[in-house]
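**Student:** The structure under discussion is supplied below as structure tokens; questions concerning it will follow.
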Amino acid sequence: MARAREGSSPLFAGNAAGTLRLIVYLALAVVLMVLDQRNGWLWQLRSAASAVVEPVYRLAGLPAAGVRTLGVAFADRQLLTSQNQRLREDLLLANAKLNRMAAVAEQNERLRRLLDTQHSLKLNVQLARVIGVDLGAYRYELTLNMGSRDGVEPGQPVIDAHGVMGQVKAVLPHTAVVMLITDPSHAIPVTIARTGLRTVAYGSRDGDQLSLPNLPLAADVRVGDKLLTSGIGGRFPPGFPVGRIDSVAPAPTGMFQVALATPAADLDRSTDVLLLHDQAEPKGPPDLPLPAGPPQDLAPAASASGSAPAVRTGPAGGALR
-7 MARAREGSSP
3 LFAGNAAGTL
13 RLIVYLALAV
23 VLMVLDQRNG
33 WLWQLRSAAS
43 AVVEPVYRLA
53 GLPAAGVRTL
63 GVAFADRQLL
73 TSQNQRLRED
83 LLLANAKLNR
93 MAAVAEQNER
103 LRRLLDTQHS
113 LKLNVQLARV
123 IGVDLGAYRY
133 ELTLNMGSRD
143 GVEPGQPVID
153 AHGVMGQVKA
163 VLPHTAVVML
173 ITDPSHAIPV
183 TIARTGLRTV
193 AYGSRDGDQL
203 SLPNLPLAAD
213 VRVGDKLLTS
223 GIGGRFPPGF
233 PVGRIDSVAP
243 APTGMFQVAL
253 ATPAADLDRS
263 TDVLLLHDQA
273 EPKGPPDLPL
283 PAGPPQDLAP
293 AASASGSAPA
303 VRTGPAGGAL
313 R
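Here the sequence shown stands for residues -7 to 313, where the numbers follow this note's numbering.
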């Protein structure tokens, strides 16, 4: 290797030929710089070379650019997915709160109507909540959250803000069962508000209507007539809405008219009801008034005359003066 280095001639040797070669290269460099300064040939050459080399650079940088693009796309997708999930959860929570507020507002409205009914009629009532519904075949009952320990008794009328719902059928210590007026085994004395005709409304087998099967043929009953409690029997106080006549037709026997009515109460929607307590009634006949004696100004005159006052006998056989 050392011999090869010693035998090789350098580019610019330290002799006359090397010096001349250096001068020629320097002169060529000066000429190229002058030409480049005046005409821009080298700039054009560099531009052409860069145009040729640029696709190579781009092709070499594609893997790194692809990796960066995939990383950004994956991060953006993950971020958008998490944001979308949070937005969906917020939307569901907002809808749940909105529905809850609407339900609370509706419940408050029902309670307000119940309290208005109580205050307007000055009734002795008890508020209860429906906790069970039994609308089976031929049986239409509700279960309330109050029982005998709360003062509930069998036979108590049950109403809502729109009308009569039924009466208490059975009482347990903490719950009570209410038979609805649409139960086939239930009957309620009613009167037609427009004419004053008294009759009885029975529950129907379909459970959502009332039947009035014993209307005289000459009775003036029309569609739209309102039914009110008549108070006969003493179970339901008079004047409470019961229903509205939907249809009137002759019975198959031709001896009576048969009417169907829709209950006034929201039997399938009410969640809060009122239990009516018995109104205070006087016990026995009123006491007889005591008869008044002679006027005070006549008492001295009677004493002066020396005559005894007349003695009257009262209803119980006692002497009244």
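For glycine and all other residues, C-beta sits at the position ideal for the given N, C-alpha and C.
#1: Could you give the C-beta distance for ALA257 and GLY155, rounded to a whole number, given that I count them as a contact under 8 Å?
#2: Please confirm if the region 75 to 93 is in contact with the region 117 to 137, defined as three or more CB-CB distances below 8 Å between the two stretches.
#3: Which value, in whole angstroms, describes the spacing of the CA atoms of PRO229 and THR221?
#4: Taking the C-alpha atoms as reference points, what is the distance between GLY226 and VAL117?
#5: Indicate, with yes or no, if the ligand ZN has a heavy atom lying under 7 Å from the CB of ASP68.
#6: Identify, in the order they occur along the chain, each residue of the same chain with its Cβ nearer than 6 Å to the Cβ of PRO146, setting aside the five sequence neighbours on each side.
#7: Does the distance from the CB of ILE151 to the CB of PRO255 come in under 8 Å?
#8: To the nearest whole angstrom, what separates the beta carbons of ALA193 and LEU204, a pair I think is in contact under 8 Å?
#9: Apart from the five residues on each side of it in sequence, which residues of its chain come closer than 7 Å, Cβ to Cβ, to THR11?
#10: Pull up the CB-CB distance for ARG186 and ASP217, whole angstroms please, since I reckon it's below 8 Å.
#11: Have a look at GLU101 and ARG214 and give me their C-alpha separation to the nearest angstrom.
#12: Cutting at 7 Å between CB atoms, please list the residues of its own chain near SER74, excluding the five before and the five after it.
#13: Look up GLN320 in the DSSP assignment and say whether it is helix, strand or coil.
#14: Using a Cβ-Cβ cutoff of less than 6 Å, which residues in the same chain neighbour THR263 once the five nearest sequence positions on both sides are dropped?
**Tutor:** With the structure as the only source:
#1: Between GLY155 and ALA257 the Cβ distance is about 4 Å, and since that is below 8 Å, they are a contact.
#2: no
#3: 7 Å
#4: 17 Å
#5: This structure does not include the ligand ZN; it has no bound ligands of any sort.
#6: VAL160 and VAL163
#7: no
#8: 5 Å
#9: none
#10: With 8 Å as the limit, ARG186 and ASP217 qualify as a contact, their Cβ atoms being about 5 Å apart.
#11: 32 Å
#12: none
#13: The requested residue 320 does not occur in the structure, where the chain is confined to residues -7 to 313.
#14: VAL122
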